[in-house]
Amino acid sequence: MTRRIAAAAATVAMTTLIALSVAVLATPAGAAKKPKKPTGPAATVIKDCTKSSTGLLKNRYSARVLNLAKKEVKGDIAEYTGCLDAIKAQLRRANATVSARISGKPGKLTLLYKGRVVDELAVKRGKSVTFKVLPGRYTARANGKKKCVASVTARAKKTARVAVVCR
2 MTRRIAAAAA
12 TVAMTTLIAL
22 SVAVLATPAG
32 AAKKPKKPTG
42 PAATVIKDCT
52 KSSTGLLKNR
62 YSARVLNLAK
72 KEVKGDIAEY
82 TGCLDAIKAQ
92 LRRANATVSA
102 RISGKPGKLT
112 LLYKGRVVDE
122 LAVKRGKSVT
132 FKVLPGRYTA
142 RANGKKKCVA
152 SVTARAKKTA
162 RVAVVCR
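Quick note on our numbering: the sequence shown kicks off at 2 and runs consecutively.
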């Protein structure tokens, strides 16, 4: 009787082991972990690049945003598009600096180029933030308010300073 119970237990154990093995082998390798989609400013850069017919970036971005995007370019996008090369090229040309602060209370400072967001950073009271960008004319906007703006021209290998005054 004990032999029959032992044989039945062994059969059940073997059947369970075989079923688990088949289930594991049948699962595709990619199904276990899906790659996460880029979010935030990195997603904006990657979308700009992949939708471009030339493979180049149509808009300007700060070096901080480009570095975030460079880390997120993986898989098919890295292999079949020129996104990584376009991001690296804009990073090499980003040799101007804009140092900006908000006069008054702290908040968010947004740097715009031709009305498009280049970067956005939080600013503490009495502190300034630095954006490394391509040379050109930019607009700094404080706390999303259209009245709290200042224009600044960034030149190659120079630091342009701007204070946004909010009334």
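The beta-carbon is built from N, C-alpha and C at its ideal position, and this holds for glycine as well.
If you run the structure through DSSP and keep just helix, strand and coil, what is residue 81? When DSSP states are grouped into helix, strand and coil, residue 81 belongs to the helix group.
So what's residue 162 in DSSP terms, helix, strand or just coil? strand
Is there contact here, the segment 132-144 with the segment 93-110, by at least three beta-carbon pairs under 8 Å? yes
Local Cβ density within 10 Å of residue 114, reported as buried at 16 or more and exposed below that: buried
C-beta contact flag for residue 149 and residue 130 at 8 Å: no
Can the beta-carbon of residue 92 be found less than 8 Å from the beta-carbon of residue 58? no
So, residue 88 versus residue 46, is the Cβ gap smaller than 8 Å? yes
Endpoints, alpha helix (DSSP H) assigned at residue 74: Where residue 74 is concerned, there is no enclosing alpha helix (DSSP H), given that its DSSP letter is neither H nor E.
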